[in-house]
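Chemist: Chains as they are written, first to last, in numbering that gives the first Met the number 0: chain X, 0 to 191; chain P, 0 to 191; chain S, 0 to 191; chain V, 0 to 191.
By construction, the Cβ of each residue, glycine as well, lies at the ideal position given by its N, Cα and C atoms.
Since the model is a prediction, treat every value here as computed from it, not as a measurement.
This is the structure I have questions about; it appears just below.
Number of protein chains: 4
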Amino acid sequence: MEHDLTTGSGRPRDAEASPALLEAARRLVLEKGYAATSISDIAAAAGTGRQTLYRRWPGKAQLILDAFAEHASDQVDDLHAAAPGPDPVREFLRRTFRALDETGPALRSLMAQAQLDPAFCELFRQRFIVPRRAALHAVLAQARDSGSVPADLDLDAAVAALFGALWYRLLLGEPLDDGYAAALAGLIRAEP
Amino acid sequence: MEHDLTTGSGRPRDAEASPALLEAARRLVLEKGYAATSISDIAAAAGTGRQTLYRRWPGKAQLILDAFAEHASDQVDDLHAAAPGPDPVREFLRRTFRALDETGPALRSLMAQAQLDPAFCELFRQRFIVPRRAALHAVLAQARDSGSVPADLDLDAAVAALFGALWYRLLLGEPLDDGYAAALAGLIRAEP
Amino acid sequence: MEHDLTTGSGRPRDAEASPALLEAARRLVLEKGYAATSISDIAAAAGTGRQTLYRRWPGKAQLILDAFAEHASDQVDDLHAAAPGPDPVREFLRRTFRALDETGPALRSLMAQAQLDPAFCELFRQRFIVPRRAALHAVLAQARDSGSVPADLDLDAAVAALFGALWYRLLLGEPLDDGYAAALAGLIRAEP
Amino acid sequence: MEHDLTTGSGRPRDAEASPALLEAARRLVLEKGYAATSISDIAAAAGTGRQTLYRRWPGKAQLILDAFAEHASDQVDDLHAAAPGPDPVREFLRRTFRALDETGPALRSLMAQAQLDPAFCELFRQRFIVPRRAALHAVLAQARDSGSVPADLDLDAAVAALFGALWYRLLLGEPLDDGYAAALAGLIRAEP
DNA sequence: CACTAACCGAGACGGTACGTCCCGTCTTCGT
DNA sequence: ACGAAGACGGGACGTACCGTCTCGGTTAGTG
């Protein structure tokens, strides 16, 4: 997350720099990929100096995490709010898969970065993984109450299995389609 | 995979160089981590020139993939051969978790590299993921035949869910313990 | 020649880096010879990064040209100022030969580099050859006015012959001694 | 010079390899220049292995010296044989300049190499410089006898001055034209 | 209304890894 | 013992980023 160390004194930070950097980062990563996008590229595209970026984020990964986390939090709310239909778990997965069509490559890069930097890993977990985990947990709890999943289902394990399966295919470049969503949802559906 | 362009003519490649490079790579990565291990380090530790490495592998990631894939294939065989006990799925997961205690960090790095290089991703899938997937599939098929998992279980989906859950926690730095193995195995156990 | 692209903006170049690089280059070339001195060696000896060198000179040859041209221009002034005695041409040659005892090997390397790189050749000509040529020309003009060389001497040809003879022996590893200076000076001395 | 260490036993050397290497060396150096021509290039162009080259010459410079020395020795004889006319020195210089139109660049490279390798320097001197020096010496001696240069001319110094002036301009990329030949010849012409 | 502190861009800094190139040697097989 | 072929250890090269530092200049709030 962008860090703000303003003490009140001195010239205030340029309010336009952060959005410009976030947008430039998002655009360049989507265009050229994470690895091919350098810090210098992002700062130049945002029309700012490199130091301005470092003053607000510790590095490339954190900036790009912010650049893609914004959208993600909106989506999590959407998913949480509406998970209707006869098979809400399947519906949740389908919508999540759909959202990854655009942001998937960037998320893969962030997950990659999390492997190389433990501090970033924890940040990524808190900002990205945990909220979504909570959302799916809620969906599953609701499904359990409505009887569409077994009453004794281990919800935490089910969340790990479903999101794990999602990331598993995403990270390996395998397709995330409706059939996959249905098959995964089928794994934990209540036996009638 | 190491590429071998032997045409028969000319001086043959040094048979000791490849093992030396693989072992040096494996040792250095386990000691210092993936990112902190450079190509020069590996070549020097193996007592070879840098060009000898480039002659056999396209880069660091492919070499290290080979360095860890060797051992992996042995382990896959072990796991496949013996998955005994009342809950073979749980046992399989437990053993797999145990094996990751040592190699986990390196595998995380390889998975990270797979996100930055599509060609390497495919290689990693073929050399690492698919064999293990087959092993778990066989375990599940056996379990289905012996009645310890439901007869109508979607084996492919179950494999994705179990291995997905494994990678999910591994990549996020969360613990892979016996309790987790039991919980995941419980998800797909037959309801008696 | 060192190139200075200062635009006024940004951090100014370290004023100590260039002298340090020049001195390190000069010292290492005199110690180990031109070919045995690498760019990395020079940068390390100067306590600077390699890129700092490349930011100021296109390569090794240009840096070393500068490293030896500095001193050379001083010497040229010295030679120009004082060319006394009954045979000023011979005296000029003797002093020039003497100065080459130390710098000769480095100059040979620079002349060698000039053969491999036309751009460097021109630079070498302008920075090294032309100034010395002018100095000798002045000495000869003075000698002509004082009657110690023939009045109708073709000064340009004489300069070429004298410096040519100097380089000819220098480049072939033949001795540049007082006798040689006297013999060359004798070629163009006025017949009494 | 190509060295021949055959002992009589074993397979005799391929008689075609040496000419092929010499011709390939000559062609490539004239086409691409000395520095841009690697040992591998020459061997490949000659259809031979690199070791065959090293078995016959110590390195690139010696091979190329041989490649260009062949022609040179013919030319030296030509020059020696016929130096007619009213000003034989000028004529000798003019012809020598003319011959350098083609081989000049290669000779410059050889002289460059002589600066980096003392052993080659001596070889170059013996194979190239000394014979030509003798030829010019003979021309000057003849001219002295015929009265076209002063009787007390120091022939060795004159040779050094004339060839030195030649190399001086050649190595600096300056033109070797008839005017220059005339001016140099004029320096040592007898005053009538 | 000046001062001052933190900002801004630009870009140089030391450092490190990369992948390429060539060197001169060595090692195979076939002739 | 030669030949072609090509791998070997070694080392320099020039490039690309990294994260930091240092300029001159700008822009608020404070004294």
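1. Using a Cβ-Cβ cut-off of 8 Å (strictly less than) and excluding sequence neighbours within five positions of V/R26, which residues of its own chain qualify?
2. Just confirm the distance between the C-beta atoms of S/S165 and S/T102, as a whole number of angstroms; I'd bet it's less than 8 Å.
3. Give, in chain order, every residue of the region 51 to 64 of chain S whose Cβ lies closer than 9 Å to some Cβ of chain V.
4. X/V88: which of X/L171, X/L21 and X/A140 sits nearest, CA to CA?
5. From S/I38 to V/T36, what does the alpha carbon distance come to, in whole angstroms?
6. Please classify V/K31 as buried or exposed, where buried requires at least 16 neighbouring CB atoms within 10 angstroms.
7. Which residues of the region 88 to 122 of chain V have a Cβ closer than 8 Å to any Cβ of chain S? Give them in chain order.
8. Look at the Cβ atom of P/R168, then the Cβ atom of P/L175, and state whether they are nearer than 7 Å.
9. Hey, out of S/R54, S/R55, S/P57 and S/L21, whose CA is closest to S/I41's CA?
10. In chain S, which residues lie less than 8 Å from V/L183 when you measure between Cβ atoms?
11. Suppose you measure from the CA of S/T47 to the CA of V/K59; what does that come to, to the nearest Å?
12. Of all the options S/G172, S/A157 and S/G178, which has the alpha carbon lying nearest to the alpha carbon of V/A181?
13. Closest to S/V129 by C-alpha separation, out of V/D155, V/I187 and V/L171, would be which residue?
14. Starting from the Cα of S/G185, find the closest Cα among V/G163, V/G178, V/D155 and V/E173 and give me that residue.
15. Is the CB-CB distance between V/I187 and V/V138 below 7 Å?
16. Against chain P, with Cβ distances strictly below 7 Å, would X/A164 count as a contact?
17. Within its chain, find whatever has a CB closer than 6 Å to the CB of X/S108; leave out the 5 residues flanking it on each side and keep chain order.
18. Apart from the five residues just before and just after P/A150, which ones in its own chain have a Cβ nearer than 7 Å to its Cβ?
19. From the DSSP output, in three-state form, read off V/H2 for me.
20. If you draw a straight line from the C-alpha of V/E15 to the C-alpha of V/P57, how long is it?
21. Quick one: list the residues of chain P neighbouring X/G48, beta-carbon separation under 8 Å, in chain order.
22. What does S/R168 reach in chain V if we use C-beta pairs closer than 9 Å?
23. Would you say S/Y179 touches the ligand COA, meaning its beta carbon is less than 6 Å from a heavy atom?
24. Along the chain, where does the alpha helix (DSSP H) containing S/G7 start, and where does it finish?
25. Is the separation between the beta-carbon of X/A111 and that of X/C120 shorter than 7 Å?
26. At which residues does the alpha helix (DSSP H) containing X/T95 begin and terminate?
27. Any beta-carbon of chain P closer than 7 Å to the one on X/A35?
28. Do we get a CB-CB distance below 7 Å when we pair P/L20 with the residues of chain X?
29. Starting from S/Y33, follow the alpha helix (DSSP H) in both directions and report where the run begins and ends.
30. Excluding the 5 residues preceding and the 5 following V/E1 in the sequence, name in chain order all residues of the same chain whose CB lies nearer than 7 Å to its CB.
31. When the Cα atoms are used, what is the spatial distance from P/P117 to S/P104?
32. Going by CA-CA distance only, name the one from P/G84, P/A23, P/L115 and P/I63 that's closest to P/F127.
33. State the Cα-Cα distance for the pair V/R93 and V/D177, rounded to the nearest angstrom.
34. Return the Cβ separation of S/L122 and S/Q61 in integer angstroms, given the expectation that the two are a contact with Cβ distance under 8 Å.
Modeler: Reading from the atomic positions:
1. A44
2. In the sequence as displayed, the identity of residue 165 of chain S is Leu instead of Ser. In fact, because the Cβ distance is near 13 Å, the residues do not count as touching under 8 Å.
3. none
4. X/A140
5. 23 Å
6. So V/K31 ends up on the exposed side.
7. R107, S108, M110, A111, Q112, A113, Q114, L115, P117, C120 and E121
8. yes
9. S/L21
10. A156, A159 and A160
11. 35 Å
12. S/A157
13. V/L171
14. V/D155
15. no
16. yes
17. Y33
18. R143
19. coil
20. In a straight line, the C-alpha of V/E15 is about 19 Å away from that of V/P57.
21. The premise fails here: X/G48 is roughly 27 Å from chain P at the closest Cβ pair, so nothing lies under 8 Å.
22. A159 and G163
23. This structure does not include the ligand COA; it has no bound ligands of any sort.
24. Unbroken run through S/G7: none, as it is neither H nor E.
25. no
26. Run containing X/T95: P87 to L115, per the alpha helix (DSSP H) assignment.
27. No, no contact with chain P.
28. no
29. First-last for S/Y33: undefined, no H or E at that position.
30. If we look at V/E1 and ignore the five residues flanking it on each side, its Cβ neighbours are S17, R55, W56 and D65.
31. 53 Å
32. P/I63
33. 6 Å
34. 7 Å
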